[in-house]
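K.L.:
Residue numbers (the working numbering), protein chains in the order written: chain A, 517 to 782; chain B, 517 to 782; chain C, 517 to 782.
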Amino acid sequence: MQEPIITLLTDFGERDPYAGAMKGVILSICPNAKIIDLSHNIQRHNINEGAFFLFSVTKYYPKNTIHLVVIDPGVGSERKSLIIQTENYFFMGPDNGVLSLAATNDAVKKVIEINNPDYFLTPISDTFHGRDIFAPVAAHLANNEPLEKFGPSNQNWIQIKFPEVQINETEIRAEIIHIDRFGNLITNISRTLFQKTHGLQKKSIDLIINAQKLNIPLCSSYNQVKLGEILGIFGSTEFLEISKNQASAADALNSHVHDRILVKIS
Amino acid sequence: MQEPIITLLTDFGERDPYAGAMKGVILSICPNAKIIDLSHNIQRHNINEGAFFLFSVTKYYPKNTIHLVVIDPGVGSERKSLIIQTENYFFMGPDNGVLSLAATNDAVKKVIEINNPDYFLTPISDTFHGRDIFAPVAAHLANNEPLEKFGPSNQNWIQIKFPEVQINETEIRAEIIHIDRFGNLITNISRTLFQKTHGLQKKSIDLIINAQKLNIPLCSSYNQVKLGEILGIFGSTEFLEISKNQASAADALNSHVHDRILVKIS
Amino acid sequence: MQEPIITLLTDFGERDPYAGAMKGVILSICPNAKIIDLSHNIQRHNINEGAFFLFSVTKYYPKNTIHLVVIDPGVGSERKSLIIQTENYFFMGPDNGVLSLAATNDAVKKVIEINNPDYFLTPISDTFHGRDIFAPVAAHLANNEPLEKFGPSNQNWIQIKFPEVQINETEIRAEIIHIDRFGNLITNISRTLFQKTHGLQKKSIDLIINAQKLNIPLCSSYNQVKLGEILGIFGSTEFLEISKNQASAADALNSHVHDRILVKIS
Numbered sequence: 517m518q519e520p521i522i523t524l525l526t527d528f529g530e531r532d533p534y535a536g537a538m539k540g541v542i543l544s545i546c547p548n549a550k551i552i553d554l555s556h557n558i559q560r561h562n563i564n565e566g567a568f569f570l571f572s573v574t575k576y577y578p579k580n581t582i583h584l585v586v587i588d589p590g591v592g593s594e595r596k597s598l599i600i601q602t603e604n605y606f607f608m609g610p611d612n613g614v615l616s617l618a619a620t621n622d623a624v625k626k627v628i629e630i631n632n633p634d635y636f637l638t639p640i641s642d643t644f645h646g647r648d649i650f651a652p653v654a655a656h657l658a659n660n661e662p663l664e665k666f667g668p669s670n671q672n673w674i675q676i677k678f679p680e681v682q683i684n685e686t687e688i689r690a691e692i693i694h695i696d697r698f699g700n701l702i703t704n705i706s707r708t709l710f711q712k713t714h715g716l717q718k719k720s721i722d723l724i725i726n727a728q729k730l731n732i733p734l735c736s737s738y739n740q741v742k743l744g745e746i747l748g749i750f751g752s753t754e755f756l757e758i759s760k761n762q763a764s765a766a767d768a769l770n771s772h773v774h775d776r777i778l779v780k781i782s
Numbered sequence: 517m518q519e520p521i522i523t524l525l526t527d528f529g530e531r532d533p534y535a536g537a538m539k540g541v542i543l544s545i546c547p548n549a550k551i552i553d554l555s556h557n558i559q560r561h562n563i564n565e566g567a568f569f570l571f572s573v574t575k576y577y578p579k580n581t582i583h584l585v586v587i588d589p590g591v592g593s594e595r596k597s598l599i600i601q602t603e604n605y606f607f608m609g610p611d612n613g614v615l616s617l618a619a620t621n622d623a624v625k626k627v628i629e630i631n632n633p634d635y636f637l638t639p640i641s642d643t644f645h646g647r648d649i650f651a652p653v654a655a656h657l658a659n660n661e662p663l664e665k666f667g668p669s670n671q672n673w674i675q676i677k678f679p680e681v682q683i684n685e686t687e688i689r690a691e692i693i694h695i696d697r698f699g700n701l702i703t704n705i706s707r708t709l710f711q712k713t714h715g716l717q718k719k720s721i722d723l724i725i726n727a728q729k730l731n732i733p734l735c736s737s738y739n740q741v742k743l744g745e746i747l748g749i750f751g752s753t754e755f756l757e758i759s760k761n762q763a764s765a766a767d768a769l770n771s772h773v774h775d776r777i778l779v780k781i782s
Numbered sequence: 517m518q519e520p521i522i523t524l525l526t527d528f529g530e531r532d533p534y535a536g537a538m539k540g541v542i543l544s545i546c547p548n549a550k551i552i553d554l555s556h557n558i559q560r561h562n563i564n565e566g567a568f569f570l571f572s573v574t575k576y577y578p579k580n581t582i583h584l585v586v587i588d589p590g591v592g593s594e595r596k597s598l599i600i601q602t603e604n605y606f607f608m609g610p611d612n613g614v615l616s617l618a619a620t621n622d623a624v625k626k627v628i629e630i631n632n633p634d635y636f637l638t639p640i641s642d643t644f645h646g647r648d649i650f651a652p653v654a655a656h657l658a659n660n661e662p663l664e665k666f667g668p669s670n671q672n673w674i675q676i677k678f679p680e681v682q683i684n685e686t687e688i689r690a691e692i693i694h695i696d697r698f699g700n701l702i703t704n705i706s707r708t709l710f711q712k713t714h715g716l717q718k719k720s721i722d723l724i725i726n727a728q729k730l731n732i733p734l735c736s737s738y739n740q741v742k743l744g745e746i747l748g749i750f751g752s753t754e755f756l757e758i759s760k761n762q763a764s765a766a767d768a769l770n771s772h773v774h775d776r777i778l779v780k781i782s
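1) Excluding the five sequence neighbours on either side, which residues of its own chain have a C-beta within less than 7 Å of the C-beta of I705/C, listed in chain order?
2) Ignoring anything shorter than 3 residues, give me the beta strand (DSSP E) runs that lie fully in the stretch 671-734 of chain B, in order along the chain.
3) Could you have a look at G757/C and say whether DSSP puts it in helix, strand or coil?
4) Would K575/C count as contacting chain B if we go by Cβ distances under 9 Å?
5) Who are the Cβ neighbours of A619/A in its own chain at under 6 Å, not counting the five residues just before and after it?
6) Please list the terminal residues of the continuous beta strand (DSSP E) segment that includes V627/B.
7) Please list, in chain order, all residues of the same chain as S782/A whose beta carbon is under 7 Å from its beta carbon, the five residues on each side excluded.
8) Is the separation between the beta-carbon of F548/C and that of Q518/A shorter than 9 Å?
9) Check this for me: beta carbons of I683/C and D775/C, under 9 Å apart or not?
10) What are the residues in the stretch 724-748 of chain C lying within 9 Å of chain B by C-beta distance?
11) Closest by CA to L743/C, which one among D611/B, Q762/B, S593/B and K550/B?
12) By the 10 Å Cβ neighbour count, where 16 or more other Cβ atoms means buried, how is G590/C classified, buried or exposed?
13) What does the Cβ neighbour count give for P662/A, buried or exposed, with the cut at 16 atoms within 10 Å?
14) If we define contact as Cβ-Cβ less than 9 Å, is E530/A a contact residue for chain C?
15) Would you identify the three-state DSSP class for A658/B, choosing helix, strand or coil?
16) Can the beta-carbon of R531/A be found closer than 9 Å to that of Y576/B?
17) Answer yes if the stretch 695-712 of chain C comes into contact with the stretch 631-644 of chain C, meaning at least three C-beta pairs across the two stretches below 8 Å, and no otherwise.
18) With a cut-off of 9 Å, does the C-beta of V541/C fall near any C-beta of chain A?
19) How long is the line joining the alpha carbons of A727/C and M538/A, rounded to whole angstroms?
20) Can you give me the C-alpha to C-alpha distance between L701/C and A763/C, rounded to a whole angstrom?
21) Hey, N670/B and V627/B: beta-carbon distance below 9 Å or not?
22) Run through the DSSP bridge pairs and tell me what I582/B is partnered with.
23) In chain order, what residues of the same chain have a beta carbon less than 8 Å from the beta carbon of P668/A, not counting five sequence neighbours either side?
24) Quick one: what does DSSP say F750/C is sitting in, helix, strand or coil?
25) Can you say whether S736/B is buried or exposed, counting buried as having 16 or more other CB atoms within 10 angstroms of its CB?
26) When the Cα of A768/A is compared with those of L734/A, F698/A and N564/A, which residue comes out closest?
27) Would a C-beta distance cut-off of 9 Å place I522/A and A658/A closer than the cut-off?
28) Closer than 7 Å by C-beta to P458/C: which residues in its own chain qualify, once you throw out the five before and the five after it? Chain order, please.
29) Going along chain A in order, which residues have a C-beta closer than 7 Å to the C-beta of L554/B?
30) Taking a cut of 8 Å between CB atoms, which residues from the stretch 709-725 of chain A lie near chain C?
31) Using a Cβ-Cβ cut-off of 9 Å, state whether I649/B counts as contacting chain C.
32) Name the chain A residues that come within less than 8 Å of R697/B, Cβ to Cβ?
33) Since K539/B is in the alpha helix (DSSP H), which residue starts that stretch and which ends it?
34) Rounded to the nearest angstrom, what separates T581/B and H645/B at their Cα positions?
35) Let me check you understand the geometry: is the CB of K780/A closer than 8 Å to at least one non-hydrogen atom of the ligand ATP?
Right under this line is the structure:
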């Protein structure tokens, strides 16, 4: 039989025992689970960063993968614990929006509020639901326990959205939603949107970022410019990225997540 | 047949080839081993940090899990190499105390000094017993090789203890044994001890930490105080933690591991 | 049936979604693959560091392991994508030399240039061949798809070498090729070379590093010197290392990768 896959995405870091404890709980209940570490290095409590990460990754996984996210600044409060069943996956985590970009990108079929203590570790702590609630429930779900056993259906869950671009006749007002290890600036301008405003034939972009006016070529690969030159490119997540060939655009432009970027329409 | 689980806990970091070499050795001998990374980011040579990590995690694993720890400042010296069989697990690593908190927390049944070179890689290095001794022995153990094959029984092994609290009529003198990524200060005051000295109904704590006198509420979840307020809480390891709701108590109180903390009894 | 092993070595870091996406692609095509993380923390675009890491590790893996490396500053350029079949393994990655130290250390049998789009994800990005080309091809290879299906044989691939030592009558001019987390300085002087120039009985070494003249003992384990003393030792990769017992030689000697080191012959 196929081993069920459970992916883990947390803000626990690599030096604390929290992720290791969750893996033990999962394997104690579902010994044949295939546990895949997505990352434990999301900035602590950064729900937006986690939501974007999850959105970028989960669609590449096989059907029925359980994606478990523990970025949970509200642990122990009244915030709910969710299982979101989508067309292809199960997303589990706290009801703070961290699951929503990925889940709504697949088709949401059912949302369950986890509240059945039969599936929790005992005693249950008020500081670590990742270990005491989410890990055991994920493992029981991987064991094919029916979704309905874990709690009632709930339609009132928190959804966050990508920051929306604003478009007028002369410009797109966008922002940087992620900066990766290579210093690529990932914006919230999708390829689809850009093609609507700029057509398919655009060879360069005029933009303003951090009060710097730039005219940069729009490329389909980094090496279409010389080493160290700035370019625009639709990256692996299909968003417009501002990059520097084999160097860091973030360093060159002194840019940070949430910085505004204006792209001229002409 | 169930895949045997081998967990790895080391101070090798993420950029050196040492952990990757150990995984290869294990899989060459026991191809169906399920290798679980606990952490490779223990501070280099920090036996206490490793011992606390192991103590916090291993009890969540299924019976017969092999927990392999390589934090080994004395590699190549006369320090022994151990397998400690407990009620539920096998703990393997250098005889420097790193295994002792976790092993004695389960019931120790037998301690073996590894000395049978039939199970070692050849040639054996004097700088990397993780790869040349511990990894192959763990893999053979996972293959159900009898424990006695690896070496003789040995009762004379090194045990470390949590730093002990001192209690007099007016205060508990304790210390910070770990600070996690969220800045929670984990003390060596167990819930059991605290309930003996303070009873079950305590709603707040008077304490002195870094020459700062604090009166903080004793909560069962972070959100019982406002954002940014300091609180006391028995955390996921059942020790008293000094925390700050959605922020770092370590930053706020300028605290470090081994700092003293005085808790008033009143 | 044995689960096929695919190891991953990248410069993606731990906070971006790239490695997680590759794992999903692999598991979607080859659900029983055993994915082993070697490291995702190679310095970005550092082909030499990746090549040395791969060389140090891969020989410990079982026969038929697929070693997939994505350190790929030239992604989207004309650089080729390779599968190198050696006596025991398959090495996959960009044709920039990163595979060459490890591959030539095993016996190279066949080199394939990957160019069959039937095995690629669609649409294929120009910025992330790790996800769109290498991951799916590795998974199909793990499914026993014949090597020839992925593209034509190609003998013209890029090989890098360890920086070569220069030897004259009085000294070996060498360099530091890696510094590990413990501050050990790993040189390019192999045990074999040293034994040719210095014989088997040498008890100490005269060397110059960063304008500092040192006479240090040549040991077979760290603890043959006192705590904090500098020593020479042939480490786990069989190269001469300059180490400090339970401390960092790199800090003590203010050394960096590529620093020159002169070893006197006398």
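Every residue gets a Cβ at the ideal spot worked out from N, C-alpha and C, and that includes glycine.
P.N.:
Concretely, from the data shown:
1) V681, I688, A690, F755, L756 and V779
2) 687-695, 701-706 and 720-725
3) A small fix is needed here, since residue 757/C is Glu in this sequence, not Gly. Looking at E757/C - three-state DSSP - the assignment turns out to be strand.
4) yes
5) I600, T602 and F607
6) V624 to E629
7) D722
8) Residue 548/C is actually Asn in this sequence, not Phe. The answer is yes: Cβ separation under 9 Å.
9) no
10) C735, S736, S737, Y738, N739 and Q740
11) S593/B
12) buried
13) exposed
14) yes
15) helix
16) no
17) no
18) yes
19) 51 Å
20) 12 Å
21) yes
22) I522/B and F606/B
23) I628, E629 and N631
24) strand
25) exposed
26) F698/A
27) yes
28) There is simply no residue 458/C to check, as chain C begins at 517 and stops at 782 in what is shown.
29) G536
30) none
31) no
32) D527, F528, G529, R531, D532 and R560
33) Y534 to I545
34) 21 Å
35) Summarising the ligand content, the structure contains no ligands, and the ligand ATP is consequently not present.
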